[in-house]
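Following: one structure in structure tokens, then a few remarks.
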Amino acid sequence: MQPTPQRILLAGASGLCGSHLLDRLLSEPTVTQVVAPSRRTLTEHPRLSNPQGELLDLLPQLQGPFDSAFCCLGSTLHDAGNSQTFQTLEKALVLGFAERARALGVRHLLVISALGANAGSRLLYNRVKGEVEQALSQQGWPQLTLVRPSLLIGERARPRLAERLAAPLLRYLPGNLQAIEASVLARALWRLALEQGDGLRIVESAELRRLGR
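Right, dumping it as structure tokens:
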């Protein structure tokens with residue numbers, strides 16, 4: 270059976286994993302178009318549409334239908350400046366994107382969460398990620414895939430010192446704790462997008478490394 274052509278919506282295409290995923294999608298002959306709203310200009314490609322501006326402003330302007338959507342958005346406490354801004358950004362952007370994607374006909378949503386995501390965690394980062402996962406699971410998705418990678422490694426446009434220091438150690442840790450290359454995560458996401466299924470699936474980091482080989 271031939272793969273079904275897909276029109277795809279992608280958020281976070283200018284980030285570390287999002288940029289790898291964008292390259293992967295544009296190399297796939299079954300992907301007819303990728304719509305990737307972003308603040309920064311992306312690479313030019315005949316099958317890429319790149320509306321530019323603030324995501325929450327762009328979402329109402331997008332026109333469907335889409336088959337699948339990927340959310341590679343992510344922030345840090347350092348980038349946000351304070352805990353309240355971090356929580357607001359994380360929830361508003363991810364949940365806003367998901368709601369709009371559903372309204373535009375997306376059946377399968379794939380979202381990058383984080384290792385240790387848990388709404389009951391005492392750690393703010395893990396707690397917010399867990400709360401976002403809970404909210405996404407209540408949106409009524411026919412197919413929802415949440416991936417929980419460990420530390421992402423790769424060349425960022427703006428290097429993060431803490432990640433550079435931790436990466437050499439985390440490369441050799443076992444199981445879900447081992448760091449994962451952004452390119453490997455991108456391959457895993459595309460493979461997961463091709464799987465048919467229903468309901469919620471949570472994929473931990475060790476399985477993501479296996480899928481992305």
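Using the numbering used here, read the sequence shown as starting at 270 and increasing by one per residue. The C-beta atom is built at its ideal place from N, Cα and C for all residues, glycine as well.
Can you give the Cα-Cα distance for Leu311 and Leu480, rounded to whole angstroms? Straight-line measurement puts the Cα of Leu480 at about 27 Å from the Cα of Leu311.
Give the secondary structure of Arg456 by DSSP, where H, G and I count as helix, E and B as strand, and everything else as coil. helix
Spatial distance of Arg293 from Arg456 (CA atoms): 7 Å
Rounding to the nearest angstrom, what Cα-Cα distance links Ser406 and Leu358 in this structure? 19 Å
I'd like the span of the alpha helix (DSSP H) that includes Glu368, first residue to last. Unbroken alpha helix (DSSP H) run through Glu368: 352 to 372.
By DSSP's criteria, Ala280 is part of a beta bridge. Which residues make up the other side? Cys340
What is the DSSP secondary structure of Glu313, reduced to helix, strand or coil? coil
As a quick exercise: from Arg371, Ala338, Tyr394, Asn387, pick the residue whose alpha carbon is nearest that of Asn351. Tyr394
In chain order, what residues of the same chain have a beta carbon less than 6 Å from the beta carbon of Ala338, not counting five sequence neighbours either side? Within the same chain, Cβ atoms closer than 6 Å to the Cβ of Ala338 are found at Leu278, Ala370, Val375, Leu378, the five residues on either side in sequence being excluded.
Per-residue burial, Glu402 [other beta carbons within 10 Å of its own, 16 or more giving buried]: buried
Between Ile471 and the rest of its own chain, which residues show a CB-CB distance below 7 Å, the 5 nearest in sequence each way excluded? Leu415, Arg417
Using the Cβ count rule (16 or more neighbours within 10 Å means buried), how would you classify Ala280? buried
Measure the C-alpha to C-alpha separation of Glu476 and Ala349 and round it to an integer number of angstroms. 30 Å
Between the alpha carbons of Met270 and Gln356, how many angstroms are there, rounded? Unreliable placement is indicated for Met270, whose pLDDT of 46 sits below 50; the coordinate value is still reported in the next sentence. Rounded to the nearest angstrom, the two C-alpha atoms are 44 Å apart.
Enclosing alpha helix (DSSP H) for Arg293 [first to last residue]: Here the alpha helix (DSSP H) through Arg293 covers 285 to 295.
Could you compute how far the alpha carbon of Thr354 sits from the alpha carbon of Thr345? 10 Å
With DSSP as the reference, label Gly333 as helix, strand or coil. coil
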